Amino acid sequence: MKKIKYSEITPEKIYLRRREFVKKLGFSTGSLIIGQNMIGKAFAANDNLQEKITERRYVTTYNNYYEFGTRKSDPVEKSQNFKTSPWNLTIDGEVEKKITLTVDEIKNSFPIEEKIYRLRCVEGWSMVIPWMGFSLNKLLEKASPNGKAKFVEFTTVFDPEQMPGQRYPILKWPYKEGLRIDEAMHPLTTMVTGLYGKELPNQNGAPLRLIVPWKYGFKSSKAIVNIKLVEKMPTSSWMQASPREYGFYSNVNPRVDHPRWSQASERVIGSGILSERIPTTMFNGYGDQVANLYSGMDLKKNF
Amino acid sequence: MIKYFKTIIFILCLWPLTAISLDIYYNELGAEPVKKIMNHFGEWTLIFICLTLSMSPLKRFTKLSIWIKLRRMLGLFVFFYATIHLLTYIGLDYRFDWQPILDDVLKKKYIFIGFSAWLLLIPLAITSSQKMIKILKNKWKILHKLIYIIAVFGSLHYIWLSKTIFFKPLIYSIIIVVLLALRIKIKKKDINYG
Chain A
1 MKKIKYSEIT PEKIYLRRRE FVKKLGFSTG SLIIGQNMIG KAFAANDNLQ
51 EKITERRYVT TYNNYYEFGT RKSDPVEKSQ NFKTSPWNLT IDGEVEKKIT
101 LTVDEIKNSF PIEEKIYRLR CVEGWSMVIP WMGFSLNKLL EKASPNGKAK
151 FVEFTTVFDP EQMPGQRYPI LKWPYKEGLR IDEAMHPLTT MVTGLYGKEL
201 PNQNGAPLRL IVPWKYGFKS SKAIVNIKLV EKMPTSSWMQ ASPREYGFYS
251 NVNPRVDHPR WSQASERVIG SGILSERIPT TMFNGYGDQV ANLYSGMDLK
301 KNF
Chain P
1001 MIKYFKTIIF ILCLWPLTAI SLDIYYNELG AEPVKKIMNH FGEWTLIFIC
1051 LTLSMSPLKR FTKLSIWIKL RRMLGLFVFF YATIHLLTYI GLDYRFDWQP
1101 ILDDVLKKKY IFIGFSAWLL LIPLAITSSQ KMIKILKNKW KILHKLIYII
1151 AVFGSLHYIW LSKTIFFKPL IYSIIIVVLL ALRIKIKKKD INYG
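Top line first, the protein sequences correspond to chains A and P.
Under my numbering, the first residue of the first sequence carries the number 1, and numbering increases by one thereafter.
Under my numbering, the first residue of the second sequence carries the number 1001, and numbering increases by one thereafter.
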């Protein structure tokens, strides 16, 4: 079995130190393998930017997860009793065979790897996060999408008893997000089951969340219960709330401003009061891997 | 007696500055310190706008003139905290990098209206002295009605920067609307009885 046990994973302190270690040895960050943990290739694209992994305390206490409230501290404060087991994920719609899997079945079906990705929030801040997960395409292939499957729609659980934010019309619940099928099949698109070598904390979207590292953070749905393959472009909760502000693609793009925030630069979480903003890069630094998905498209129109 | 009272209020008004300084000193600002400092002073600016606007209704209700004696000080604290709020944005967040700041002011409506509110505060701060009241006479009263527009701009600034319908900006807007509505009533009374 290829699944990495939590005990085999580098402790957090060493995590933070090992990047210095890599530097001292003079290796490129893209090519070195330490034990079973490969520092993501995708990461190398950002070598000229900051590359320090964000401290765990920030990753787990500074969250946008409106199901638990709109303050950054709400998710950690209000999600601790959230029940993530039993949990079923259904994959249906335009598929050869509709499937329902438990989280344990999912965790045991695919090798869980560590994936270190940058996360860029549409609000103009960023983190670098060591996720545990596997490429979504492996999961989708299990259901065998048919020829009509052009888009993928992700639905977050609806449970206002446990999720106080859902008692208010902050957004249209349940939270929905979507990807084009080729975006969903891209190896960088990751199903996440863990964080920092441990279980995924509730405030980060346990038990099952998505990570699409070249798009703004809100595209990465949390606490997913349904994945539907569809023919027509789905309408996400944010598109419904404000179509002028949130487009379907929402690729990180320093040249396309959000009506509220300039996207040209970002604040690095945990970098301290005196550190400067850093310039935001196209596709959050993953252009080499994903730019070809959008060749010939006007990304200002398709924001 | 009133002198001591004013001194005590003055010291209390410095609390927002003290509180954030302690947070900075003990490194308790969390994940986004710059944003936290900016929001802190922004929110206190709004609180001081509400306090300033509460003084003349309080005088009406309590029939005590002491409230009016506090109004100028509170108004100057509005300008003080609004200026620190703006400086945090320009200096700490954007490092006096004027191009993106100019872009923001012109393109982002919440920044445009917030900056406008700060500009409108300047003439009020300049003409706040007893001497200026005497020089400007009736014009002073008209000029200082600008605070109503500033209050509306301030609450819009907060509403527009929020991603969806948030609780706090709504609360401030309701308070400001109520404080402004109180004045309309007072005026009608003046006409009826006077």
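Each residue gets a CB set at the ideal place from its N, CA and C atoms; glycine is no exception.
Source: prediction; values computed, not measured.
Given that a residue counts as buried once 16 or more other Cβ atoms are within 10 Å of its Cβ, and exposed if not, what is A:Gly205? In the first sequence, the residue the question calls residue 205 of chain A occupies position 205. So A:Gly205 ends up on the buried side.
Within 8 angstroms (strictly less), CB to CB, does P:Leu1018 reach chain A? Here the question's residue 1018 of chain P lines up with position 18 in the second sequence. Looking at the sequence provided, one finds Thr at residue 1018 of chain P rather than Leu. Not an interface residue.
Closer than 8 angstroms at the beta carbon, the chain P residues around A:Thr280: On the first sequence, position 280 is the one that residue 280 of chain A refers to. Within chain P, no residue comes near A:Thr280; the closest Cβ sits about 12 angstroms away, beyond 8 angstroms.
Since P:Glu1028 sits in a beta bridge, which residues does DSSP pair it with? As a first step, residue 1028 of chain P is located in the second sequence; it is residue number 28 there, counting from the start. Paired residue(s): none; P:Glu1028 is not in a bridge.
Out of A:Arg255, A:Asp298, A:Leu299, point me to the one whose CA is closest to A:Pro279's CA. Indexing the first sequence from 1 puts residue 279 of chain A at position 279. Ranking A:Arg255, A:Asp298, A:Leu299 by Cα distance to A:Pro279 puts A:Arg255 first.
Mind listing the chain A neighbours of P:Tyr1110? Cutoff is C-beta to C-beta under 8 angstroms, in chain order. One-based indexing of the second sequence puts residue 1110 of chain P at position 110. Neighbours of P:Tyr1110 on chain A, chain order: Arg260.
Quick check: the Cα distance between A:Thr189 and A:Gly272, rounded to an integer number of angstroms? Taking the first sequence and counting its residues from 1, one reaches residue 189 of chain A at position 189. Taking the first sequence and counting its residues from 1, one reaches residue 272 of chain A at position 272. Here the alpha carbon of A:Thr189 sits roughly 30 angstroms from the alpha carbon of A:Gly272.
Say whether chain A places a C-beta atom closer than 8 angstroms to the C-beta of P:Leu1161. What you label residue 1161 of chain P is simply residue 161 of the second sequence in a count that begins at 1. For P:Leu1161, the answer is yes, since a Cβ of chain A falls inside 8 angstroms of its Cβ.
Can you tell me which of the three DSSP states A:Tyr62 falls into? Translated into the one-based positions of the first sequence, residue 62 of chain A becomes position 62. Collapsing the DSSP output to three states places A:Tyr62 in coil.
Report, in whole angstroms, the separation of the C-beta atoms of A:Ile170 and A:Phe134, which I expect to be a contact under 8 angstroms. The residue given as residue 170 of chain A occupies position 170 in the first sequence. The residue given as residue 134 of chain A occupies position 134 in the first sequence. Wrong, their Cβ atoms sit about 31 angstroms apart, outside the cutoff.
Along chain A, which residues have their Cβ under 7 angstroms away from the Cβ of P:Ile1165? Position 165 of the second sequence, counted from the first residue, corresponds to residue 1165 of chain P. Those within 7 angstroms of P:Ile1165 in chain A are Ile170.
Chain A within 8 angstroms of P:Glu1028, Cβ atoms only: Mapped onto the second sequence, residue 1028 of chain P falls at position 28. No, no contact with chain A.
Buried or exposed, going by whether 16 or more other CB atoms sit within 10 Å of the CB of A:Phe158? Within the first sequence, residue 158 of chain A is the residue found at index 158, counting from 1. Looking at its Cβ environment, which holds fewer than 16 other Cβ atoms inside 10 Å, A:Phe158 is exposed.
Between A:Tyr216, A:Ser221, A:His186, A:Lys215, which lies nearest to A:Gln203 when the distance is taken from Cα to Cα? Within the first sequence, the letter at position 203 stands for residue 203 of chain A. By alpha-carbon distance to A:Gln203, the top candidate from A:Tyr216, A:Ser221, A:His186, A:Lys215 is A:Ser221.
Applying the 10 Å Cβ sphere with the 16-neighbour rule, what's the burial state of A:Arg118? Here residue 118 of chain A is taken as the residue at index 118 of the first sequence, counted from 1. Classification for A:Arg118: buried.
Cβ contact (3+ pairs, closer than 8 angstroms) linking the region 1150-1165 of chain P and the region 1032-1049 of chain P: Taking a contact to require three or more Cβ pairs closer than 8 angstroms, the region 1150-1165 of chain P and the region 1032-1049 of chain P qualify as touching.
Residues in the same chain with beta-carbon distance under 7 angstroms from A:Asn48, minus the five sequence neighbours each way, listed in chain order, please. Taking the first residue of the first sequence as position 1, residue 48 of chain A is located at position 48. Caution is warranted here: a pLDDT of 44 is assigned to A:Asn48, below 50, making its placement in the model unreliable, and the coordinate value is therefore given only provisionally. Nothing listed; no residue qualifies.
What are the residues that DSSP puts in a beta bridge with A:Asp92? Taking the first sequence and counting its residues from 1, the one referred to as residue 92 of chain A is at position 92. Bridge partners of A:Asp92 according to DSSP: A:Lys228.
Three or more beta-carbon pairs under 8 angstroms between the region 152-168 of chain A and the region 65-74 of chain A, yes or no? Under the Cβ criterion (8 angstroms, minimum of three pairs), the region 152-168 of chain A counts as touching the region 65-74 of chain A.
7 angstroms Cβ cut-off: residues of chain A touching P:Asp1104: Residue mapping note: residue 1104 of chain P aligns to position 104 of the second sequence, counting from 1. Neighbours of P:Asp1104 on chain A, chain order: Ser262.
Coil, strand or helix - A:Arg118 by DSSP: Along the first sequence, read from residue 1 onward, the residue named residue 118 of chain A stands at position 118. Strand, per DSSP.
Counting only Cβ pairs nearer than 8 angstroms, list the residues of chain B close to P:Pro1100. Judged by its chain identifiers, the structure shown contains no chain B, and its protein chains are A and P.
Determine the DSSP secondary structure at P:Phe1041, reduced to helix, strand or coil. Taking the first residue of the second sequence as 1, we reach residue 1041 of chain P at position 41. It is helical.
Give, in chain order, every residue of the region 124-146 of chain A whose Cβ lies closer than 8 angstroms to some Cβ of chain P. Taking 8 angstroms as the Cβ-Cβ cut-off against chain P, the residues of the region 124-146 of chain A that qualify are Trp125.
Just to confirm my understanding: we take A:Ala149, look at its own chain, exclude 5 residues before and 5 after, and list those with CB closer than 6 angstroms. What are they? Within the first sequence, residue 149 of chain A is the residue found at index 149, counting from 1. Result list for A:Ala149: Glu94, Ile181, Leu229, in chain order.
Would you verify that the beta carbon of A:Ser28 is, or is not, closer than 8 angstroms to some beta carbon of chain P? Along the first sequence, read from residue 1 onward, the residue named residue 28 of chain A stands at position 28. For A:Ser28, the predicted structure reports a pLDDT of 37, less than 50, and the residue's modelled location is therefore unreliable. The matter cannot be settled from this model.
Could you tell me whether the Cβ of A:Thr60 comes closer than 8 angstroms to any Cβ of chain P? In the first sequence, the residue the question calls residue 60 of chain A occupies position 60. No - not a single Cβ of chain P is within 8 angstroms of the one on A:Thr60.
contact_flag[the region 1001-1012 of chain P, the region 224-238 of chain A] where n(CB pairs < 8 angstroms) is 3 or more: Output reads no: the region 224-238 of chain A does not touch the region 1001-1012 of chain P.
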